[in-house]
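Asker:
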Amino acid sequence: MDKHALGEFLRNKRERVGPADVGLPQGRRRRTPGLRREEVAQLAYISVDHYTRLEQARGRHPSRRVLDGISRALRLSAQERARLFQLAGEREEREAADPVREVQPSIRTLIDRLTDSPAIVVDPTCRVLAWNPLAAAVFEDFSELEGEERNVIRRYFLNPDRDRPRYGVTDPERFVVTAVSYLRMAVTRYPDNAELLSLVEELLAGSEDFAARWNSHEFRIDRHLRQTVRHPEIGPIELEFDILTVPEQEQQVIIFTADPGSPAHRALQLLKVIGVQRTNPLAPVSNPS
Numbered sequence: 001m002d003k004h005a006l007g008e009f010l011r012n013k014r015e016r017v018g019p020a021d022v023g024l025p026q027g028r029r030r031r032t033p034g035l036r037r038e039e040v041a042q043l044a045y046i047s048v049d050h051y052t053r054l055e056q057a058r059g060r061h062p063s064r065r066v067l068d069g070i071s072r073a074l075r076l077s078a079q080e081r082a083r084l085f086q087l088a089g090e091r092e093e094r095e096a097a098d099p100v101r102e103v104q105p106s107i108r109t110l111i112d113r114l115t116d117s118p119a120i121v122v123d124p125t126c127r128v129l130a131w132n133p134l135a136a137a138v139f140e141d142f143s144e145l146e147g148e149e150r151n152v153i154r155r156y157f158l159n160p161d162r163d164r165p166r167y168g169v170t171d172p173e174r175f176v177v178t179a180v181s182y183l184r185m186a187v188t189r190y191p192d193n194a195e196l197l198s199l200v201e202e203l204l205a206g207s208e209d210f211a212a213r214w215n216s217h218e219f220r221i222d223r224h225l226r227q228t229v230r231h232p233e234i235g236p237i238e239l240e241f242d243i244l245t246v247p248e249q250e251q252q253v254i255i256f257t258a259d260p261g262s263p264a265h266r267a268l269q270l271l272k273v274i275g276v277q278r279t280n281p282l283a284p285v286s287n288p289s
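The opening residue of the sequence shown carries number 1 in the UniProt record's numbering; numbering runs sequentially from there.
(1) If contacts are defined as beta-carbon pairs under 8 Å, then Val103 and Ala130 qualify, I think. What distance do you get, rounded to the angstrom?
(2) With burial defined as no fewer than 16 other Cβ atoms inside 10 Å of the residue's Cβ, what is the status of His231: buried or exposed?
(3) Spell out the partners DSSP gives Ile237 in its beta bridges.
(4) Spatial neighbours of Glu8 within its chain, please: CB distance less than 6 Å, with the 5 preceding and 5 following residues excluded, ordered by chain position.
(5) Please work out which residues of its chain come closer than 6 Å, Cβ to Cβ, to Thr178, disregarding the five sequence neighbours upstream and downstream, and give them in chain order.
(6) When we look at the beta-carbon of Leu197 and count the other beta-carbons within 10 Å, is it buried (16 or more) or exposed?
(7) Mapping DSSP to helix, strand and coil, what is Ala119?
(8) With DSSP as the reference, please indicate the residues paired to Trp131 in a beta bridge.
(9) Going by DSSP in three states, Asp49 sits in which element: helix, strand or coil?
(10) What are the start and end residues of the beta strand (DSSP E) that includes Thr257?
(11) Between the Cα of Ser63 and those of Leu225, Leu87, Leu76, spot the shortest distance and give me the residue it belongs to.
(12) Starting from Asp98, trace the alpha helix (DSSP H) both ways and give me its first and last residue.
(13) Can you find at least 3 beta carbon pairs, one from the segment 192-211 and one from the segment 254-270, that sit closer than 8 Å?
(14) Take every Cβ of the segment 34-47, pair it with every Cβ of the segment 65-78, and state whether three or more of those distances are shorter than 8 Å.
(15) In the DSSP assignment, find the unbroken alpha helix (DSSP H) run with Tyr167 in it and report its ends.
(16) Out of curiosity, what's the CA-to-CA distance linking Pro236 and Asn12?
(17) Look up Asp209 in the DSSP assignment and say whether it is helix, strand or coil.
(18) Look up His265 in the DSSP assignment and say whether it is helix, strand or coil.
(19) So, under 8 Å CB-CB, His50 and Met1 are touching, yes? Tell me the CB distance rounded to an integer number of Å.
(20) Rounded to a whole number of angstroms, what is the C-alpha to C-alpha distance between residue 335 and Thr245?
(21) Quick one: what does DSSP say residue 298 is sitting in, helix, strand or coil?
(22) I need the boundaries of the alpha helix (DSSP H) containing Ala78, first residue and last residue.
(23) Below 8 Å between beta carbons: does that hold for Glu248 and Arg65?
(24) Is the CB-CB distance between Val17 and Gly34 below 8 Å?
(25) When you compare the CB positions of Lys3 and Ala57, do they come within less than 8 Å of one another, or not?
(26) For Ile243, name the three-state secondary structure that DSSP assigns.
(27) By how many angstroms is the C-alpha of Leu270 removed from the C-alpha of Ser77?
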């Protein structure tokens, strides 16, 4: 590993990629040419400290996953990507062209054990890959939907569920900005994925709201939010949710919680009973597709 040459290479490539190249807003106070270090780190799914150390020739040996993420974030050509791996002293492997949709067994076990908390797993395009019974009770029975219909961005903006629009979320602004930002990152990571490009085209054509957000290049990811979900049988349920990343799969685990003893917690306890009656008891807890 040539630390100094690697750091110089990264700095040079970062300064040559503009925010608009990766779907980020220009901003008024941008003093650095190209992307900021924190923007590269966010797009590459690594810590800012890790990336900064690599640029400053102080970093430890980066893994292939880290190098893959940096390569996508900096929009490197095939030759530049090969050079990146060479400087890092790592053997290059073929980059995945499509999002991973198989959920690790340990993650399935985790959400299955969260009996008091709705939990779902989504891929970089925001398609729901796995869920526990309480998530199905709070939102919808995902097992009854085809794969592409389980995409929460598609469901939100194109809204095929007219009886309960937008999952009953009463103040969705921050959630929507986060979801669209994840989709923007997915387009950067998988620029040749036909399904992903088709999804964006469908959303642009079918939703003026999505088109305005997409064209604004707004980018913000909140990993902790509080939302009120209006359930058709229980009424409003105030939930907090946290987004946890599974780096190897580039998937997100979203866990919804309520304070013990609160009205929302009691509502979830009730849904543990009546919610199962509304969902398909024979459907698997997680259903990758």
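Don't be surprised by glycine CBs; every beta carbon is placed ideally from N, CA and C.
Since the model is a prediction, treat every value here as computed from it, not as a measurement.
Answerer: The short version:
(1) Within the sequence shown, the letter at position 103 stands for residue 103. Within the sequence shown, the letter at position 130 stands for residue 130. Going by Cβ atoms, the distance from Val103 to Ala130 rounds to 5 Å, so yes, they are a contact pair.
(2) Reading the sequence shown from its first residue, position 231 is the one you call residue 231. It is buried - the Cβ of His231 has at least 16 other Cβ atoms within 10 Å.
(3) The residue given as residue 237 occupies position 237 in the sequence shown. Answer by DSSP bridge pairing, in chain order: Val229.
(4) As a working mapping, residue 8 is identified with position 8 in the sequence shown. So the list is empty, once near-sequence residues are dropped.
(5) The residue you call residue 178 lines up with position 178 of the sequence shown. Closer than 6 Å at the Cβ level, and outside the excluded window around Thr178, lie Ile221, Asp222.
(6) If you number the sequence shown from 1, residue 197 lands on position 197. Per the 10 Å Cβ criterion, exposed.
(7) To locate residue 119, count along the sequence shown from 1; it is residue 119. The answer is strand: DSSP assigns Ala119 an E or B state.
(8) The sequence position of residue 131 within the sequence shown is 131, counting from 1. The partner list for Trp131 (beta bridge, DSSP) reads Ile120.
(9) Working through the sequence shown from its first residue, we reach residue 49 at position 49. Three-state result, Asp49: helix.
(10) Within the sequence shown, the letter at position 257 stands for residue 257. 251-257 is the extent of the beta strand (DSSP E) around Thr257.
(11) Within the sequence shown, residue 63 is the residue found at index 63, counting from 1. Here the closest residue by C-alpha is Leu87.
(12) Taking the sequence shown and counting its residues from 1, the one referred to as residue 98 is at position 98. Premise fails: Asp98 is in no alpha helix (DSSP H) and is neither H nor E.
(13) no
(14) yes
(15) Residue numbering aside, residue 167 sits at position 167 when the sequence shown is read from its first letter. Taken as a continuous stretch (DSSP letters only), Tyr167 belongs to no alpha helix (DSSP H), as it is neither H nor E.
(16) As a first step, residue 236 must be located in the sequence shown, where it is residue number 236. As a first step, residue 12 must be located in the sequence shown, where it is residue number 12. About 51 Å.
(17) The sequence position of residue 209 within the sequence shown is 209, counting from 1. Three-state result, Asp209: helix.
(18) By 1-based counting over the sequence shown, the position of residue 265 is 265. Of the three classes helix, strand and coil, the one that applies to His265 here is helix, per DSSP.
(19) Within the sequence shown, the letter at position 50 stands for residue 50. Within the sequence shown, the letter at position 1 stands for residue 1. About 14 Å; that fails the 8 Å criterion.
(20) Residue 335 is absent from the structure shown; the chain starts at 1 and stops at 289.
(21) Nothing in the structure corresponds to residue 298, since the chain is present only between 1 and 289.
(22) By one-based count along the sequence shown, residue 78 stands at place 78. Start and end: 78-87.
(23) The residue you call residue 248 lines up with position 248 of the sequence shown. The residue you call residue 65 lines up with position 65 of the sequence shown. In contact: Glu248 and Arg65 (Cβ atoms closer than 8 Å).
(24) Counting from 1 along the sequence shown, the entry for residue 17 is found at position 17. Counting from 1 along the sequence shown, the entry for residue 34 is found at position 34. Yes, Cβ-Cβ distance for Val17 and Gly34 is below 8 Å.
(25) Taking the first residue of the sequence shown as position 1, residue 3 is located at position 3. Taking the first residue of the sequence shown as position 1, residue 57 is located at position 57. For Lys3 and Ala57, yes; Cβs fall inside 8 Å.
(26) Walking along the sequence shown from the start, residue 243 turns up at place 243. Strand.
(27) Here residue 77 is taken as the residue at index 77 of the sequence shown, counted from 1. Here residue 270 is taken as the residue at index 270 of the sequence shown, counted from 1. Their backbone Cα atoms lie some 54 Å apart in a straight line.
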